[in-house]
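Below: one structure, written as structure tokens.
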Amino acid sequence: MGSGMARNLLRAGHEVTVFNRSRDKAEALVANGARVADSPADVSAASEAVMTMLADDRAVEQVVFGENGIASTLPEGATHISCSTISVKLARRLDGEHARRGQNYLSAPVFGRPEAAESKNLLVVAAGPPELVEHCRPLFDAIGRQTFVLGSDPSQANAVKLCGNFMIAAMLEAFSEAFATLRKADVPPHAFLEVMNGLFGSPVYANYGRLIADRKFDPAGFALRLGLKDVRLTMEAAEDFAAPMPLASLIHDHLLSAMAHGQGDLDWSSFSLVAERNAGIGIGTKG
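First residue of the sequence shown? That's 1 in the numbering used here, and the numbers climb one at a time after it.
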């Protein structure tokens, strides 16, 4: 995701310095005009804005607050923009810690898979002080096709991102159960998908439905272990807000089952295999 976003920032004419814990991924962007840094602090020291796209809360905390982290060298008045899918609690901590240092903070997570990042087709959901969001809008325009501003509290964008990923997971659960039943009924999955595409007209339904119908889970566009993390963070936020999400609990258990069957590095649409196992679909059975 980060590589595609960086390339689009470069194409838009921005000066970009990159850091990745796997240096070869960063060096791959040199041909596009990027400069490679030796540490997160090296990135932030001379930057007006630093954008982070990382896997989880722990990775963000390490890059921001760890040794040679962003917070230690980001200039006063400069902005950290977190595009990662992180917890509401961490977003609030980032906002407070940066403010204490005289730095700015925005949450701007994105919806879209790696191919959307490459084609500048991401949806950006941003939240933070309105004037700061507008100041950073050229960066959002460079990486995505549309930006939604959710409020003045950065954590509001993280709540939207988590609930949005929950909605996608709920769609995957529905497809999984439907496909398992239809495979046993000898209905071709792609025939059913064609009907659903006509009914919903959604690229999300079309793309994920095709992955499940094809059982094409490798390589992963979004790893199942990250999907489990996102649903867990959604449930944590729901508990903090005293908002029950029983469907999220079911999906969480199904993702755990998939993890137990070694599917963590497959695409998260592979948790459809849980419904297949529950339906007794396997060698020598229908489907």
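Glycine residues also receive a C-beta, built at the ideal position from the N, C-alpha and C atoms.
Could you name the residues that DSSP lists as bridge partners for residue i?
| i | result |
| --- | --- |
| His261 | Answer is none; His261 lacks a bridge partner. |
| Phe148 | Val125 |
| Arg35 | Thr17 |
| Tyr205 | The partner list for Tyr205 (beta bridge, DSSP) is empty, contrary to what the question assumes. |
Measure the C-alpha to C-alpha separation of residue i and residue j and round it to an integer number of angstroms.
| i | j | result |
| --- | --- | --- |
| Pro219 | Asn207 | 15 Å |
| Asp24 | Pro40 | 16 Å |
| Ala108 | Leu132 | 12 Å |
| Ile281 | Ile212 | 14 Å |
| Arg21 | Leu199 | 44 Å |
| Asp214 | Leu226 | 22 Å |
| Lys216 | Leu256 | 20 Å |
| Glu27 | Glu276 | 42 Å |
| Gly284 | Phe179 | Bear in mind that a pLDDT of 45 at Gly284, under 50, signals an unreliable position, so the number given afterwards is only what the model happens to contain. So the alpha carbons of these two residues sit roughly 17 Å apart. |
| Ile86 | Cys163 | 12 Å |
So, is residue i buried or exposed, given that buried needs 16 or more other C-beta atoms within 10 angstroms?
| i | result |
| --- | --- |
| Ser202 | exposed |
| Arg100 | exposed |
| Gln103 | buried |
| Asn278 | exposed |
Kindly indicate which residue of the options has the alpha-carbon position closest to the one of residue i.
| i | options | result |
| --- | --- | --- |
| His254 | Val231, Phe200, Glu194 and Ala108 | Val231 |
| Arg137 | Gly2, Arg35 and Met51 | Met51 |
| Trp268 | Ala170, Ala237 and Pro246 | Ala170 |
| Gly13 | Glu27, Asn32, Ala28 and Met1 | Asn32 |
| Val63 | Gly2, Glu76, Phe19 and Asp95 | Phe19 |
Given a cut-off of 8 Å, decide if residue j and residue i are closer than it, judged by their beta-carbon atoms.
| i | j | result |
| --- | --- | --- |
| Ala91 | Ser155 | yes |
| Ser249 | Phe175 | no |
| Val124 | Gly144 | yes |
| Ala49 | Val43 | no |
| Ala126 | Phe140 | yes |
Is residue i close to the ligand ZN? I mean its beta-carbon at under 7 Å from any heavy atom of the ligand.
| i | result |
| --- | --- |
| Met196 | Judged by which ligands are present, the structure shown has none, so any question about the ligand ZN falls away. |
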